[in-house]
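Mapping to my numbering: the sequence shown position 124 is 449, numbers consecutive.
For every residue, glycine included, the Cβ atom is placed at its ideal position computed from N, Cα and C.
In what follows, a structure is listed as structure tokens, so that the remarks can point back to it.
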Amino acid sequence: MDHNISSNMSNSSDVGNLNRTNGSLETTYSDFIELPKYLFVYMTTINVIVFIVGICGNLLVIAVVCQVRAMRNSTNYFLFTLSIADLCVLLVCQPVAIMEFYAKERWYIGEAMCKIFSFISRKVAVLLVVLRR
326 MDHNISSNMS
336 NSSDVGNLNR
346 TNGSLETTYS
356 DFIELPKYLF
366 VYMTTINVIV
376 FIVGICGNLL
386 VIAVVCQVRA
396 MRNSTNYFLF
406 TLSIADLCVL
416 LVCQPVAIME
426 FYAKERWYIG
436 EAMCKIFSFI
446 SRKVAVLLVV
456 LRR
């Protein structure tokens with residue numbers, strides 16, 4: 326009886342990922358659920374808004390602290406360094422994250438960018454805060 330089930334499975338068009346050599350199942354792209362189009366529109370819209378507002382806001386903080394003498398105190402220098410760290414994250418990590426979303430969790434931009442992305446996403450904010458103290 327098991328022979329009939331396995332022969333029916335191997336002939337079925339629904340099981341396109343059956344490895345014929347050893348009978349094991351492999352995960353392929355067709356196994357993933359296709360996301361609805363509105364989710365892509367929603368993710369893109371939210372990411373573009375966060376990117377534009379984040380870049381503008383952080384550049385304004387940097388400009389104000391650099392140009393207005395009254396704003397040069399330790400608290401504002403702390404905000405200045407946080408703005409620089411946030412700019413690094415926005416400019417490097419957010420485009421990579423949206424690219425990863427559209428690329429279905431595949432990495433297309435090389436090993437060097439993988440290391441840069443990993444470093445910036447985990448270490449830059451902490452490093453700038455520590456260096457400022």
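Asked: Which of the three DSSP states is assigned to E425 in this structure?; Found: helix
Asked: Going by C-alpha distance, which of M368, P361, E359, I358 is nearest I423?; Found: M368
Asked: I need the DSSP call for P420, collapsed to helix, strand or coil.; Found: helix
Asked: Using CA coordinates, which residue listed in I441, V421, I387, F444 is at the minimum distance from Y433?; Found: V421
Asked: Helix, strand or coil: which one does DSSP assign to V393?; Found: coil
Asked: Between L412 and N372, is the Cβ-Cβ spacing less than 8 Å?; Found: no
Asked: Suppose contacts are defined by Cβ-Cβ distances below 8 Å. Is I377 in contact with I409 by that definition?; Found: no
Asked: With distance defined between alpha-carbon atoms, name the residue in V366, F365, R447, K362 nearest to L415.; Found: R447
Asked: At what residues does the alpha helix (DSSP H) containing L404 begin and finish?; Found: 399-413
Asked: Assign F405 to one of two classes, buried (16 or more other C-beta atoms within 10 Å of its C-beta) or exposed (fewer than that).; Found: buried
Asked: Can you grab the Cα-Cα spacing for the pair T370 / A395, in whole Å?; Found: 37 Å
Asked: DSSP three-state label for L360, please.; Found: coil
Asked: For R431, which three-state DSSP category applies?; Found: coil
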